[in-house]
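Numbering (my numbering), first residue to last: -3 to 405. Beta carbons are placed, not taken as given, at the ideal position from N, Cα and C, and that holds for glycine. Model, not experiment: these values are computed from the prediction. Input: a single structure, listed below in structure tokens.
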């Protein structure tokens, strides 16, 4: 009986202790931390630097000047902390400065956000960059619905977004600017804005939108008969369409550049352009073999123009491309004849390395045709240049040995 009573008391005690511990645990259950900490730039707690709550009565000009000087001092303190290695303290100080800048006006706040945003990005402080980006978006939201927004504020927003590397958000500001300046028929501002947008599209690798922007700029430059700007935008369009692998369009704008250079008697750049046009046609010929003739034509034009201009190195480059194309098209006789022209060109360019490679190429073509005597002669001449350059001597000796063994059989 006593033993049973002890068992009941013990069980009851354990049960009570268990229930008590559960209740205690429930009472002491830790509070779950916020998943997303509040943006410190949105805190509106009173600050000793504010003479009073600006919400009740705006600051006077004198008070704004005093506050501005105090905030400049905070900026200096934050920079000193960062220099000393106190990153946390530095950005806490900057955040205090940024919270108070809003009381000086929208533009001063955006300018400060832009400045600190650039520092945060350079220090890889992603959280701070996010805080600043969120604050910029909050400032921008009411401006987007304004019929006549302040262009200076929009430009400051665009620049600030660029500082925190948010090109997509920056473009929203510049698109609004573009709408306003077009309404005002301010062509100068329109060109300036489109140029910024073009660069932003490129930084975002958005080639289709970049192309649209630069074609608009080209049209404006053509209307104004601004030749220098036309060249710049044509070069941009060539780059954009080349990156996008839209070779037909890159050819179109390269040809326009060629015409402008001819009209201006600026022929020096034409051989390089013709080389690029030929290369584009080669790429297109993979799907449309009929275009290979355009590649031949432009390589030949590149060579002949470069030769006339005594650009022998460039002429040699065009001839090498032409020879490779002849060989790929199995036009071996043309490849050999062009190789002889290449030798002459490389001599004029005093390009020993080019001469060595040209003799190597001639030797390979003769080997393909089983013309071993001519091949041996070409490789021996190639060896002479290899010895002068102290480069690829073993290769030419091996080729000479192989052909000699072939001829002795």
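- Here residue 334 is near residue 315, since their CB atoms are less than 7 Å apart.
- Residue 387: not part of any alpha helix (DSSP H); DSSP gives it neither H nor E.
- Judged by pairs of C-beta atoms under 8 Å, the stretch 139 to 150 does not touch the stretch 192 to 206, as fewer than three such pairs exist.
- For residue 292, the uninterrupted alpha helix (DSSP H) run begins and ends at 288 to 304, by DSSP.
- Within a 10 Å sphere around the beta-carbon of residue 382 sit 16 or more other beta-carbons, which makes this residue buried.
- The Cβ-Cβ distance between residue 197 and residue 205 falls below 7 Å.
- Counting of Cβ neighbours within 10 angstroms places residue 346 among the exposed residues, the total staying below 16.
- Contact check for residue 55 against residue 99 passes: the beta carbons are separated by less than 7 Å.
- Contact check for residue 160 and residue 85: beta-carbon distance about 21 Å, past the 8 Å limit, so the pair fails to qualify.
- Residue state for residue 118 is assigned as helix, using DSSP reduced to three classes.
- Between residue 268 and residue 308, the CB-CB gap reaches or exceeds 7 Å.
- The DSSP-derived three-state label of residue 43 is coil.
- For residue 91, the CB contacts under 7 Å within the same chain, skipping 5 residues up- and downstream, are 36, 37 in chain order.
- Bounds of any alpha helix (DSSP H) do not take in residue 49, whose DSSP letter is neither H nor E.
- For residue 238, the number of other beta carbons within 10 angstroms of its own is at least 16, and it is reported as buried.
- Counting along the chain, residue 73 sits inside the alpha helix (DSSP H) bounded by residues 57 to 79.
- DSSP places residue 92 in the uninterrupted alpha helix (DSSP H) bounded by 83 to 97.
- Look at residue 335 here: in three-state DSSP terms it is helix.
- In this chain, the alpha helix (DSSP H) harbouring residue 249 covers 243 to 259.
- Per DSSP, reduced to three states, the secondary structure at residue 345 is coil, with no helix or strand assignment.
- Annotation: residue 34 is outside any alpha helix (DSSP H) and is labelled neither H nor E by DSSP.
- The way I'd put it, the stretch 289 to 301 does touch the stretch 318 to 327; three or more beta-carbon pairs between them come closer than 8 Å.
- The criterion of a C-beta distance shorter than 7 Å is satisfied by residue 213 and residue 229.
- Scanning its chain for C-beta atoms nearer than 6 Å, with the 5 sequence neighbours on each side dropped, one finds around residue 59 the residues 47, in chain order.
- Cα atoms of residue 210 and residue 337: separation of roughly 41 Å, rounded to the nearest angstrom.
- Beta-carbon to beta-carbon, residue 96 and residue 67 are separated by about 6 Å, close enough to satisfy the 8 Å threshold.
- A distance of 7 Å or more separates the beta carbons of residue 350 and residue 378.
- Around the beta-carbon of residue 220, fewer than 16 other beta-carbon atoms lie within 10 Å, marking it exposed.
- Nearest in C-alpha terms to residue 403, of all of 368, 199, 249, is 368.
- Spatial neighbours of residue 371 in its own chain (CB-CB distance under 7 Å, excluding positions within 5 residues in sequence) are listed in chain order as 359, 362, 363, 399.
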